[in-house]
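Okay, here's the thing in structure tokens:
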């Protein structure tokens, strides 16, 4: 097997911004991944947050909503909630005319300032799978914007992959896994994503209270499906690399993804834990200078 050159790691994507696709395949991948995550967690809103909500019609934002699939499922669960989906583009989301009456979608790039009409409006702000867009391993800029969006006493819920616990599992002895092991090193990138493990500390630094992080192991029956989605993310990232002139790296990544897909078909998997991190904005907002 031809392995990528030594400099081939996830840092290649650091300057790409959102490096995944925006087309039909990407939308299908996101919708499928939602169900894997829902089955793993058993909830949309973390039970601690759901129990703490003081209103029958909470206003809830989904930042980087993508296809809006999380909101669509939540709308059935909380028909009286006011639901807002925010993303830099809505091209993967359903037409506005097809949405439930309690869902509103709007374009907003999280790199921009929070619009005044969204400040202090939400009981819950939900985020998921921002691992490829958090710059330099620093989630604080995003957390600060979420804090501005929340009402006093509102909650943040951040769902993410934990790459520190990446591991190979096999359905039977003797199944090859060299390509999957290489992909694991590619995504983990020498601890680049360790910020996920420290999300509670990051939230506390910005004044959030009642912070907690819960780890969830992948369900065995969905290992293949989740890894197929991972292969799609590799292919989408390769396409973006090629469009930015990283043609050789893109070719290597496509080849590695192909070899990994053969290993997946044979009964190997790259198992990745998921986390849900929550925190509550104080009822009495703490004002601090941002240095």
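Residue numbers (the UniProt record's numbering): 1 to 291. Cβ atoms here follow ideal geometry from the backbone N, Cα and C, with glycine treated the same way. Here the structure is a predicted model, which is why all the values come from computation and not from measurement.
* To do: Count the other CB atoms, across all protein chains shown, that sit within 10 Å of the CB of residue 29; report buried if there are 16 or more and exposed otherwise.
  => Counting Cβ neighbours within 10 Å, residue 29 comes out buried, since at least 16 surround it.
* Assigned secondary structure, residue 343 (DSSP; H/G/I helix, E/B strand, else coil) -> The requested residue 343 does not occur in the structure, where the chain is confined to residues 1 to 291.
* Asked: Buried or exposed: residue 152, going by 16 or more other Cβ atoms within 10 Å of its Cβ?
  -> Counting other Cβ atoms within 10 Å of its Cβ, residue 152 stays below 16 and is therefore classed as exposed.
* When burial is assigned at 16 or more other CB atoms within 10 Å of the CB, is residue 283 buried or exposed? -> That one is exposed.
* **Start-to-end residues for the alpha helix (DSSP H) that takes in residue 226** => In the DSSP assignment, residue 226 falls within the alpha helix (DSSP H) that extends over 223-243.
* Asked: Is the beta carbon of residue 67 sitting closer than 8 Å to the one on residue 161?
  -> Contact flag unset, no.
* To do: Indicate whether the contact test is met: 3 or more Cβ pairs, each with one atom in the segment 95-114 and one in the segment 70-85, closer than 8 Å.
  => Yes, the segment 95-114 is in contact with the segment 70-85.
* Would you identify the three-state DSSP class for residue 271, choosing helix, strand or coil? => Reduced to three states, the DSSP call for residue 271 is strand.
* Thinking C-beta only, is residue 166 closer than 8 Å to residue 262? -> It is not a contact, given that the beta carbons lie outside the stated cut-off.
* **Residue closest to residue 210, alpha-carbon to alpha-carbon, out of 253, 157, 56 and 194** => With distances taken between CA atoms, residue 210 lies nearest to 157 out of 253, 157, 56 and 194.
* To do: For the alpha helix (DSSP H) holding residue 146, just list the boundary residues, first then last.
  => Run containing residue 146: 140-149, per the alpha helix (DSSP H) assignment.
* **residue 182 and residue 139 closer than 8 Å at C-beta** => With respect to residue 139, residue 182 sits apart: the two C-beta atoms are not nearer than 8 Å.
* To do: Below 8 Å CB to CB, which residues in the same chain sit around residue 154 once its five sequence neighbours on both sides are set aside?
  => Here the set comprises 122, 123, 124, 125, 280 and 281.
* Nearest-angstrom Cβ-Cβ length linking residue 127 and residue 26, presumed shorter than 8 Å -> Going by Cβ atoms, the distance from residue 127 to residue 26 rounds to 18 Å, so no, they are not a contact pair.
* Asked: How about residue 146 and residue 213: are their beta carbons less than 8 Å apart?
  -> For residue 146 and residue 213, no; Cβs fall outside 8 Å.
* To do: Can you say whether residue 46 is buried or exposed, counting buried as having 16 or more other CB atoms within 10 angstroms of its CB?
  => Under this definition residue 46 is a buried residue.
* **Test item: CB-CB of residue 179 and residue 267 under 8 Å** => Contact flag unset, no.
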